[in-house]
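Protein chains: 2
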Amino acid sequence: MASGKHVKEMETLKEHLAKHQLKFTRQRELILGAFLRQEHITAEAMYHQLAKTDPHLGLATIYRTLNLFCDAGLAQARHFGSQTQYDNISHKGHHDHLICTGCGKIVEFENCDIERLQEEVAVRNGFTIQTHRLELYGLCSRCRH
Amino acid sequence: MASGKHVKEMETLKEHLAKHQLKFTRQRELILGAFLRQEHITAEAMYHQLAKTDPHLGLATIYRTLNLFCDAGLAQARHFGSQTQYDNISHKGHHDHLICTGCGKIVEFENCDIERLQEEVAVRNGFTIQTHRLELYGLCSRCRH
DNA sequence: ATCATTTTGAGACAGCTTATCAATTTCAAC
DNA sequence: GTTGAAATTGATAAGCTGTCTCAAAATGAT
Numbered sequence: 000m001a002s003g004k005h006v007k008e009m010e011t012l013k014e015h016l017a018k019h020q021l022k023f024t025r026q027r028e029l030i031l032g033a034f035l036r037q038e039h040i041t042a043e044a045m046y047h048q049l050a051k052t053d054p055h056l057g058l059a060t061i062y063r064t065l066n067l068f069c070d071a072g073l074a075q076a077r078h079f080g081s082q083t084q085y086d087n088i089s090h091k092g093h094h095d096h097l098i099c100t101g102c103g104k105i106v107e108f109e110n111c112d113i114e115r116l117q118e119e120v121a122v123r124n125g126f127t128i129q130t131h132r133l134e135l136y137g138l139c140s141r142c143r144h
Numbered sequence: 000m001a002s003g004k005h006v007k008e009m010e011t012l013k014e015h016l017a018k019h020q021l022k023f024t025r026q027r028e029l030i031l032g033a034f035l036r037q038e039h040i041t042a043e044a045m046y047h048q049l050a051k052t053d054p055h056l057g058l059a060t061i062y063r064t065l066n067l068f069c070d071a072g073l074a075q076a077r078h079f080g081s082q083t084q085y086d087n088i089s090h091k092g093h094h095d096h097l098i099c100t101g102c103g104k105i106v107e108f109e110n111c112d113i114e115r116l117q118e119e120v121a122v123r124n125g126f127t128i129q130t131h132r133l134e135l136y137g138l139c140s141r142c143r144h
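The listed protein sequences derive, respectively, from chains X and D.
FYI, the numbering for the first sequence is 0 to 144, going by numbering that gives the first Met the number 0.
FYI, the numbering for the second sequence is 0 to 144, going by numbering that gives the first Met the number 0.
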């Protein structure tokens with residue numbers, strides 16, 4: 000099928016399936032391919048996205064499969080607002096947000112020093128970080144008057 | 000009423016109410032008092048807690064009021080699992096969270112260095128920080144096996 | 001090809017949160 | 001202190017996400 004792009008992840012999935020007596024299906028292959036193209040996505044969004052090419056792919060199957068990816072260590076569920084975001088673990092370059100409470104403007108940033116300190120905090124508490132979320136709320140220069 | 004314990008927060012609430020043509024009610028005062036005694040709580044938990052002394056306080060009112068506190072900057076909503084936790088902002092400065100994606104355990108921490116770096120990022124982008132949210136997701140020592 | 005086992009799809013169902021609306025409360029103006 | 005427009009409340013209905021159910025289909029070892 001589709002090029003040798005996501006071979007490593009496909010292998011990870013197959014290993015997980017084998018280890019748990021689960022089967023490799025057309026749907027699981029399809030959903031993994033679509034998932035790996037995203038940085039993060041909701042089940043609903045993927046449902047609509049895949050409906051174009053696969054109208055009969057059920058929403059329940061997508062939920063089940065994304066949760067399977069979490070078990071296999073390929074994805075990570077994050078609850079955001081009222082929905083669950085499934086983050087692509089293999090996708091690096093995490094970006095954090097500065098959010099203006101006045102006008103809603105969002106500025107993305109990255110800061111290695113902060114990430115390093117986060118790692119220290121985690122280790123000190125016996126945690127292994129998978130992902131994180133950092134949002135700074137405040138007023139941008141325009142809104143501060 | 001209840002001692003001069005949460006005067007500052009009560010003032011913050013009253014200012015917010017005045018600014019938005021909202022009214023100061025018995026329920027809002029009651030819920031704020033109960034809320035400030037917690038570090039974080041769910042609407043459901045507060046409902047049961049307050050039911051002992053106020054059996055006719057509606058769940059919808061608690062949700063509405065906790066969301067109001069978020070608008071007023073007294074609370075911050077955090078979605079975990081299928082529920083929403085309302086964090087008490089005023090509680091000892093600001094605490095961030097280490098969240099175990101395996102068992103749901105939450106460890107709170109504070110780190111001045113991270114806060115300082117956040118401030119730097121904000122200044123560099125012309126922002127004045129009002130509050131922030133930092134959540135580290137990963138596996139705790141037990142769940143890592 | 002056979003067949004036990006797993007998976008799928010569609011919809012029913014369940015948990016958490018918000019919307020609805022008549023009755024009540026607040027509060028500013030008398 | 002009354003009055004009355006506007007906001008709030010409580011009870012419940014409705015909405016949204018996500019999971020469960022189960023008959024039909026697909027998988028994969030033999």
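We put the CB at the ideal spot given by N, CA and C, even for glycine.
Could you check if residue i is buried or exposed, using at least 16 other CB atoms within 10 Å of its CB as the buried criterion?
i, result
"D/Leu67", "buried"
"D/Gln152", "The structure shown has nothing for residue 152 of chain D, since chain D only spans 0 to 144."
"X/Ile105", "exposed"
"D/Phe34", "buried"
"X/Asp112", "exposed"
"D/Leu167", "Nothing can be reported for residue 167 of chain D: it is not among the residues displayed for chain D, which extend from 0 to 144."
"X/His131", "buried"
Comparing C-alpha positions only, which one of the options sits nearest to residue i?
i, options, result
"D/Cys142", "D/His94, D/Ile98, D/Leu49 and D/Leu29", "D/Ile98"
"X/Ile128", "X/Tyr136, X/Glu134 and X/Gly72", "X/Gly72"
"D/Gly101", "X/Thr41, X/Ala76 and X/His94", "X/Ala76"
"X/His39", "X/Val120, X/Asp112 and X/Ala74", "X/Ala74"
"D/Cys139", "X/Thr130, X/Gly125 and X/His131", "X/Gly125"
"D/Asp70", "D/Ser81, D/Leu58, D/Tyr85 and D/Ala59", "D/Tyr85"
Hey, is residue i close to the ligand NAD, as in C-beta under 6 Å from one of its heavy atoms?
i, result
"X/Glu14", "The ligand NAD is not part of the structure shown, which contains no ligands of any sort."
If you draw a straight line from the C-alpha of residue i to the C-alpha of residue j, how long is it?
i, j, result
"X/His5", "X/Gly32", "7 Å"
"D/Pro54", "D/Gln26", "12 Å"
"X/Phe79", "X/Leu133", "13 Å"
"D/Val122", "X/His19", "51 Å"
"D/Met0", "D/Met9", "In this predicted model, D/Met0 has a pLDDT of only 46, less than 50, meaning its place in the structure is not dependable; the value taken from the coordinates is given anyway. Approximately 12 Å between the Cα atoms of the pair."
"X/Glu43", "X/Leu56", "12 Å"
"D/Thr52", "D/Thr11", "25 Å"
"D/His144", "D/Gln37", "32 Å"
"X/Lys22", "X/Leu16", "6 Å"
"X/Arg63", "X/Ala50", "16 Å"
"X/His47", "X/Thr83", "16 Å"
"D/Thr60", "D/Leu29", "11 Å"
"D/Tyr136", "X/Val120", "12 Å"
"D/Arg115", "X/His96", "16 Å"
"D/Ser81", "D/Ser89", "25 Å"
"D/Met45", "D/Asn87", "13 Å"
"X/His94", "X/Asn110", "9 Å"
"X/Glu107", "D/Glu107", "25 Å"
"D/Lys7", "X/Thr41", "40 Å"
"X/Glu14", "D/Gly103", "26 Å"
"X/Leu65", "X/Thr24", "14 Å"
- Task: Scan the stretch 62-128 of chain D and note each continuous beta strand (DSSP E) run of 3 residues or more that stays entirely inside, going in chain order.
- Result: 74-79, 82-87, 95-99 and 105-108
- Below 7 Å between beta carbons is the criterion; list the residues of the stretch 119-132 of chain X that meet it against any residue of chain D, in chain order. Val120, Ala121, Asn124, Gly125, Phe126, Thr127, Ile128, Gln129, Thr130, His131 and Arg132
- Message: Give me the subset of the stretch 48-74 of chain X whose CB atoms are less than 7 Å from a CB atom of chain D, sorted by chain position.
- Response: none
- Using a Cβ-Cβ cut-off of less than 8 Å, give me the residues of the stretch 105-119 of chain X that come near chain D, in sequence order. Val106, Phe108, Asn110, Asp112, Ile113, Leu116 and Gln117
- Message: Please list, in chain order, the residues of the stretch 2-36 of chain D that have any C-beta partner in chain X closer than 7 Å.
- Response: none
- Task: Only counting runs of 4 or more residues, tell me where the alpha helix (DSSP H) segments fall wholly within the stretch 0-54 of chain D, in order along the chain.
- Result: 6-18, 25-35 and 42-50
- Check distances from the C-beta atoms of the stretch 76-89 of chain X to those of chain D and list, in chain order, the residues that come in under 8 Å. Ala76, Arg77, His78, Phe79, Gly80 and Ser81
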